[in-house]
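Peer 1:
Protein chains: 2
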Amino acid sequence: MADTFSSLVDKIRSRYVDLSPQQRRAAAFVLKRPEEVAIVSMRTLAANAGVQPVTFVRLARTLGYTAWEDFKEPFIERMRSAPAFYSDRAKKLPATAPAELHLSHIKTLEATQALNDASTFSAAAEALESAQNVFVAGFRACFGPAHAFAYVYQLFRRDVVLLSGLGGGLEAELRAVDEGDVVCIIGFRPYSRESVTVAEHAARRGATLIAIADSPLAPFAREAKIVLTFSTEGPSLFPSLVSASAIAEHLLDTLAARGGDAALERLKSAEAQLQALGVFVPAYDPTDD
Amino acid sequence: MADTFSSLVDKIRSRYVDLSPQQRRAAAFVLKRPEEVAIVSMRTLAANAGVQPVTFVRLARTLGYTAWEDFKEPFIERMRSAPAFYSDRAKKLPATAPAELHLSHIKTLEATQALNDASTFSAAAEALESAQNVFVAGFRACFGPAHAFAYVYQLFRRDVVLLSGLGGGLEAELRAVDEGDVVCIIGFRPYSRESVTVAEHAARRGATLIAIADSPLAPFAREAKIVLTFSTEGPSLFPSLVSASAIAEHLLDTLAARGGDAALERLKSAEAQLQALGVFVPAYDPTDD
DNA sequence: CTGCCGATGAAACATCTGTTGCGAAAACTG
DNA sequence: CAGTTTTCGCAACAGATGTTTCATCGGCAG
Numbered sequence: 036m037a038d039t040f041s042s043l044v045d046k047i048r049s050r051y052v053d054l055s056p057q058q059r060r061a062a063a064f065v066l067k068r069p070e071e072v073a074i075v076s077m078r079t080l081a082a083n084a085g086v087q088p089v090t091f092v093r094l095a096r097t098l099g100y101t102a103w104e105d106f107k108e109p110f111i112e113r114m115r116s117a118p119a120f121y122s123d124r125a126k127k128l129p130a131t132a133p134a135e136l137h138l139s140h141i142k143t144l145e146a147t148q149a150l151n152d153a154s155t156f157s158a159a160a161e162a163l164e165s166a167q168n169v170f171v172a173g174f175r176a177c178f179g180p181a182h183a184f185a186y187v188y189q190l191f192r193r194d195v196v197l198l199s200g201l202g203g204g205l206e207a208e209l210r211a212v213d214e215g216d217v218v219c220i221i222g223f224r225p226y227s228r229e230s231v232t233v234a235e236h237a238a239r240r241g242a243t244l245i246a247i248a249d250s251p252l253a254p255f256a257r258e259a260k261i262v263l264t265f266s267t268e269g270p271s272l273f274p275s276l277v278s279a280s281a282i283a284e285h286l287l288d289t290l291a292a293r294g295g296d297a298a299l300e301r302l303k304s305a306e307a308q309l310q311a312l313g314v315f316v317p318a319y320d321p322t323d324d
Numbered sequence: 036m037a038d039t040f041s042s043l044v045d046k047i048r049s050r051y052v053d054l055s056p057q058q059r060r061a062a063a064f065v066l067k068r069p070e071e072v073a074i075v076s077m078r079t080l081a082a083n084a085g086v087q088p089v090t091f092v093r094l095a096r097t098l099g100y101t102a103w104e105d106f107k108e109p110f111i112e113r114m115r116s117a118p119a120f121y122s123d124r125a126k127k128l129p130a131t132a133p134a135e136l137h138l139s140h141i142k143t144l145e146a147t148q149a150l151n152d153a154s155t156f157s158a159a160a161e162a163l164e165s166a167q168n169v170f171v172a173g174f175r176a177c178f179g180p181a182h183a184f185a186y187v188y189q190l191f192r193r194d195v196v197l198l199s200g201l202g203g204g205l206e207a208e209l210r211a212v213d214e215g216d217v218v219c220i221i222g223f224r225p226y227s228r229e230s231v232t233v234a235e236h237a238a239r240r241g242a243t244l245i246a247i248a249d250s251p252l253a254p255f256a257r258e259a260k261i262v263l264t265f266s267t268e269g270p271s272l273f274p275s276l277v278s279a280s281a282i283a284e285h286l287l288d289t290l291a292a293r294g295g296d297a298a299l300e301r302l303k304s305a306e307a308q309l310q311a312l313g314v315f316v317p318a319y320d321p322t323d324d
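In the order they appear, the protein sequences are chains A and B. For the first sequence, the tail end lands on 324 under this note's numbering, and the numbers increase by one without skipping. For the second sequence, the tail end lands on 324 under this note's numbering, and the numbers increase by one without skipping.
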């Protein structure tokens with residue numbers, strides 16, 4: 036009984052010619068504005084389509100649904116997991132063990148994608164650009180993503196500092212934070228004490244706080260000017276860091292793109308420098324460029 | 036009057052602390068499941084959140100909205116523009132949409148998924164289980180994922196060591212590697228010299244090598260017994276770590292699953308210990324379990 | 001303890017929901 | 001053309017919706 040959106044569309048398309056004029060009107064409208072179906076009531080939908088409310092009930096019936104709600108369901112399901120298209124594709128993968136986790140990673144990414152909009156990313160980038168200095172923090176499980184973010188950011192910006200708390204020196208590191216700086220904290224539940232310490236210190240000093248968290252209600256996000264939210268959900272025992280990494284990378288990309296040629300130049304020279312220092316080893320894959 | 040979704044989230048976040056317990060519950064739920072707000076009725080929303088229907092009206096009022104509908108609007112607007120299904124989204128977003136990068140992350144994940152099969156993961160898990168000691172390494176951009184992997188693994192296995200090269204002491208750390216041990220290295224192009232150093236040393240000592248690399252031909256994977264491959268491709272300037280994280284997490288999940296109750300027990304006690312040490316700060320989201 | 005005040009829950013409210021029944025109109029059939 | 005069938009619109013229905021009202025609870029100051 037539970038139809039998918041695309042199969043419903045097919046059904047409409049194939050039986051369209053047999054429909055009565057009014058039902059055609061309704062069906063055509065439904066295809067043109069699928070979001071409306073999920074969101075508004077049948078009556079307003081009818082008003083927008085220039086059709087009587089009953090017509091939608093009749094349309095649903097002629098297509099084999101017992102009630103309008105059954106007809107409506109696929110439209111809702113399509114919206115719930117935002118870009119339904121990719122979800123549908125993922126469901127078609129074989130149901131072996133690794134595929135399941137893989138699928139869940141995709142779902143997590145999609146959930147994360149739905150939680151943030153472009154303007155939040157650009158606001159974060161703007162704040163970082165106008166910062167005197169940038170501090171990055173993440174503790175315990177989140178140290179990894181924080182390090183990755185700071186490492187790449189350092190490639191095209193000089194004054195990026197990773198707050199590590201190495202050797203218990205977190206407080207000493209924090210003394211460098213001042214007004215005009217931006218502090219960027221990554222964390223998720225359970226929230227480590229250090230992240231709150233950093234956040235509070237940053238707020239006290241008047242620095243701008245950017246939080247990358249699993250919830251806008253994360254304790255260290257309380258005083259944040261900008262919050263980027265990610266999901267850690269999944270069938271795994273452990274919370275997933277995949278989405279946090281995705282967000283960090285997206286932010287980096289935004290920063291590099293906005294930085295323009297200057298950022299690119301610095302990036303290149305940084306890489307050349309590393310190369311010259313003999314940090315890297317040549318790959319021996321002949322298909323390389 | 037017309038609020039955007041992110042500004043609404045900010046409003047909730049900033050005023051969350053002043054809310055009454057019940058309203059917090061409602062607010063937290065709304066943040067955790069934003070799609071629901073757009074789709075279901077207030078009454079069922081209340082049922083799912085474990086709150087009275089009135090509470091949502093009250094919440095909307097406290098946040099400055101005259102009616103529930105005004106509060107609900109941003110949630111609907113957010114969904115309306117979300118689905119990348121028909122042509123209607125092209126006109127809305129600027130060229131550098133977050134959806135594009137999001138899409139590429141999914142593609143990368145799918146590519147990675149295709150590169151490894153379940154048996155490779157179980158082989159890796161098997162090797163790790165029968166190891167005397169486990170060493171984890173990753174340098175430069177890959178230090179993050181390596182740290183994340185080691186951190187979680189340490190939660191249910193005692194003898195996991197992260198090779199950090201801190202203070203230039205990499206060689207000293209390597210002296211601990213011996214026959215019967217497993218060394219797990221994460222890395223991608225350009226390959227850092229340290230990763231090769233570690234790999235060669237491990238091979239010389241007779242330790243088993245597991246490589247997590249962007250190519251089976253990675254220099255540090257030459258002597259590896261098992262290679263897990265991931266993709267770093269994407270439209271971004273920077274290679275993506277998302278898939279590397281996904282692989283690491285999948286491996287951890289496999290390990291925990293195979294470890295059975297014993298692993299679970301250790302995991303629990305590790306978490307309890309951390310809790311007792313006051314490492315974490317309580318979350319103030321009442322909808323948590 | 002009393003009196004107060006905000007927070008909370010239960011029930012009643014008007015309104016809007018999807019759906020039905022029925023009559024008028026239109027379209028087809030012989 | 002009449003007779004039949006289908007389509008359509010209107011008004012009414014039961015149930016669900018968001019909201020209001022009011023009684024109760026629980027903490028706290030005097």
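Note that the Cβ used here is the ideal one computed from N, Cα and C, for glycine as well. Everything numeric in this text was worked out from a predicted model, so none of it was measured.
What is the DSSP secondary structure of SER250(A), counted as helix, strand or coil?
Peer 2: Residue mapping note: residue 250(A) aligns to position 215 of the first sequence, counting from 1. Note: SER250(A) maps to coil in three-state DSSP.
Peer 1: Closest by CA to ILE47(A), which one among ALA292(A), GLY99(A), GLY85(A)?
Peer 2: Translated into the one-based positions of the first sequence, residue 47(A) becomes position 12. If we check each option's Cα against that of ILE47(A), GLY99(A) comes out closest.
Peer 1: Does the separation of the CB atoms of GLY241(B) and GLU214(B) fall below 8 Å?
Peer 2: For this step, residue 241(B) is matched to residue 206 along the second sequence. For this step, residue 214(B) is matched to residue 179 along the second sequence. Going by C-beta atoms, GLY241(B) is nearer than 8 Å to GLU214(B).
Peer 1: Please identify the residue among VAL217(A), GLU108(A), VAL171(A), THR155(A) whose C-alpha is closest to the C-alpha of TYR200(A).
Peer 2: As a first step, residue 200(A) is located in the first sequence; it is residue number 165 there, counting from the start. The amino acid occupying residue 200(A) in the given sequence is Gly; Tyr does not appear at that position. Comparing Cα-Cα distances from GLY200(A) to each of VAL217(A), GLU108(A), VAL171(A), THR155(A), the minimum goes to VAL171(A).
Peer 1: Would you mind sorting GLN308(A) into buried or exposed? The rule is 16 or more other CB atoms within 10 Å of its CB.
Peer 2: Walking along the first sequence from the start, residue 308(A) turns up at place 273. With fewer than 16 Cβ atoms within 10 Å of its Cβ, GLN308(A) is classed as exposed.
Peer 1: Quick test of your reading: LEU278(B) and GLU284(A), contact by CB under 8 Å. State the CB separation rounded to the nearest angstrom.
Peer 2: Stepping through the second sequence from its first residue, residue 278(B) is reached at position 243. Stepping through the first sequence from its first residue, residue 284(A) is reached at position 249. The question names Leu, yet the displayed sequence has Ser at residue 278(B). The Cβ separation is near 11 Å, so there is no contact.
Peer 1: May I have the straight-line CA-CA distance separating ARG78(B) from GLY85(B), to the nearest angstrom?
Peer 2: Against the second sequence, residue 78(B) aligns to sequence position 43. Against the second sequence, residue 85(B) aligns to sequence position 50. Cα-Cα distance, rounded: 10 Å.
Peer 1: Skipping 5 residues on each side, what residues in its chain have a beta carbon closer than 7 Å to that of VAL75(B)?
Peer 2: Along the second sequence, read from residue 1 onward, the residue named residue 75(B) stands at position 40. Excluding sequence neighbours, VAL75(B) sits near nothing in its chain.
Peer 1: The beta strand (DSSP E) spanning ALA281(B) covers which residue range?
Peer 2: Indexing the second sequence from 1 puts residue 281(B) at position 246. Note, ALA281(B): premise wrong, no beta strand (DSSP E); alpha helix (DSSP H) at 277-311.
Peer 1: When the Cα of ASP288(A) is compared with those of VAL218(A), GLY204(A), LEU198(A), ALA185(A), which residue comes out closest?
Peer 2: What you label residue 288(A) is simply residue 253 of the first sequence in a count that begins at 1. When each option's Cα is compared against that of ASP288(A), the closest is ALA185(A).
Peer 1: For a test of the three-state rule: what should DSSP assign to TYR100(B), helix, strand or coil?
Peer 2: Taking the first residue of the second sequence as position 1, residue 100(B) is located at position 65. In the structure shown, TYR100(B) sits in coil (DSSP, three-state: anything other than H, G, I, E or B).
Peer 1: Can you pull the DSSP bridge partners for VAL262(A)?
Peer 2: Residue mapping note: residue 262(A) aligns to position 227 of the first sequence, counting from 1. In the DSSP output, where bridge partners are listed per residue, VAL262(A) has ALA246(A).
Peer 1: Does the beta-carbon of GLU71(A), which I'm using as the reference point, lie nearer than 7 Å to any heavy atom of the ligand GTP?
Peer 2: With respect to small molecules bound, the structure shown includes none, and the ligand GTP cannot be examined in it.
Peer 1: Based on DSSP bridge pairs, tell me the residues matched to PHE315(B).
Peer 2: Position 280 of the second sequence, counting from 1, holds the residue named residue 315(B). DSSP, once it has assigned bridges, lists SER227(A) as partnering PHE315(B).
Peer 1: Just to confirm my understanding: we take ALA73(A), look at its own chain, exclude 5 residues before and 5 after, and list those with CB closer than 6 Å. What are they?
Peer 2: Reading the first sequence from its first residue, position 38 is the one you call residue 73(A). Correct list, in chain order: PHE110, ILE111, MET114.
Peer 1: Any idea which residues DSSP pairs ILE111(B) with across the strands?
Peer 2: In the second sequence, residue 111(B) corresponds to position 76, counting from 1. The partner list for ILE111(B) (beta bridge, DSSP) is empty, contrary to what the question assumes.
Peer 1: Is the distance from the Cβ of ILE245(A) to the Cβ of ALA234(A) below 8 Å?
Peer 2: As a working mapping, residue 245(A) is identified with position 210 in the first sequence. As a working mapping, residue 234(A) is identified with position 199 in the first sequence. No, they are not a contact pair.
Peer 1: Identify the continuous beta strand (DSSP E) that holds PHE170(A) and give its terminal residues.
Peer 2: Taking the first residue of the first sequence as position 1, residue 170(A) is located at position 135. From DSSP, the beta strand (DSSP E) with PHE170(A) extends over 169-173.
Peer 1: Please list, in chain order, the chain B residues whose beta carbon lies closer than 9 Å to that of TYR51(A).
Peer 2: For the purposes of this step, residue 51(A) is identified with residue 16 of the first sequence, where counting begins at 1. Residues of chain B passing the Cβ test: none, with the nearest at roughly 17 Å.
Peer 1: Counting only Cβ pairs nearer than 7 Å, list the residues of chain A close to SER41(B).
Peer 2: Sequence index remark: in the second sequence, residue 41(B) carries index 6 (1-based). Correct list: ASP152, SER154, THR155.
Peer 1: State the CB to CB distance for the pair PRO29(A) and PHE315(B), rounded to an integer number of angstroms; the pair is presumed to be in contact (CB under 8 Å).
Peer 2: Any property of residue 29(A) remains undetermined from this structure, which presents chain A solely from 36 to 324.
Peer 1: Using three-state DSSP, classify VAL217(A) as helix, strand or coil.
Peer 2: For the purposes of this step, residue 217(A) is identified with residue 182 of the first sequence, where counting begins at 1. It is a strand residue.
Peer 1: Counting only Cβ pairs nearer than 7 Å, list the residues of chain A close to ILE247(B).
Peer 2: For the purposes of this step, residue 247(B) is taken as residue 212 along the second sequence, with counting starting at 1. By Cβ distance, chain A contributes nothing, its closest Cβ being about 14 Å from ILE247(B), past 7 Å.
Peer 1: Taking only the alpha-carbon atoms, compute the straight-line gap between ARG59(B) and GLY179(B) and give it to the nearest angstrom.
Peer 2: The residue given as residue 59(B) occupies position 24 in the second sequence. The residue given as residue 179(B) occupies position 144 in the second sequence. Straight-line Cα distance between these residues: approximately 35 Å.
Peer 1: Please list, in chain order, the chain A residues whose beta carbon lies closer than 8 Å to that of PHE182(B).
Peer 2: To locate residue 182(B), count along the second sequence from 1; it is residue 147. Before going on, a small fix: residue 182(B) reads as His here, not Phe. Neighbours of HIS182(B) on chain A, chain order: PHE178, GLY179, HIS182.
Peer 1: Cutting at 6 Å between CB atoms, please list the residues of its own chain near ASP38(A), excluding the five before and the five after it.
Peer 2: In the first sequence, counting from the first residue as 1, residue 38(A) sits at position 3. Closer than 6 Å at the Cβ level, and outside the excluded window around ASP38(A), lie PRO109.
Peer 1: Quick one: what does DSSP say VAL92(B) is sitting in, helix, strand or coil?
Peer 2: Taking the first residue of the second sequence as 1, we reach residue 92(B) at position 57. Residue state, collapsed to three classes: helix.
Peer 1: Determine the extent of the beta strand (DSSP E) in which LEU198(A) is found, giving its start and end residues.
Peer 2: To locate residue 198(A), count along the first sequence from 1; it is residue 163. Unbroken beta strand (DSSP E) run through LEU198(A): 195-198.
Peer 1: Does GLU70(A) get closer than 8 Å to chain B when you measure Cβ to Cβ?
Peer 2: Stepping through the first sequence from its first residue, residue 70(A) is reached at position 35. With 8 Å as the cut-off, GLU70(A) counts as an interface residue toward chain B.
Peer 1: Answer with buried or exposed for ARG192(A), where buried requires no fewer than 16 other C-beta atoms within 10 angstroms of its C-beta.
Peer 2: Along the first sequence, one-based indexing puts residue 192(A) at 157. Under this definition ARG192(A) is a buried residue.
Peer 1: Between the beta-carbon of LEU209(A) and the beta-carbon of HIS236(A), is there less than 8 Å?
Peer 2: Your numbering for residue 209(A) matches position 174 in the first sequence. Your numbering for residue 236(A) matches position 201 in the first sequence. Going by C-beta atoms, LEU209(A) is nearer than 8 Å to HIS236(A).
Peer 1: Going by the CB atoms, is the gap between ARG293(B) and ALA95(B) shorter than 8 Å?
Peer 2: Here residue 95(B) refers to the residue found at position 60 of the second sequence. Here residue 293(B) refers to the residue found at position 258 of the second sequence. Not a contact, by the Cβ cut-off of 8 Å.
Peer 1: Within this structure, are the beta carbons of GLY222(A) and PHE255(A) separated by less than 8 Å?
Peer 2: Translated into the one-based positions of the first sequence, residue 222(A) becomes position 187. Translated into the one-based positions of the first sequence, residue 255(A) becomes position 220. Contact flag set, yes.
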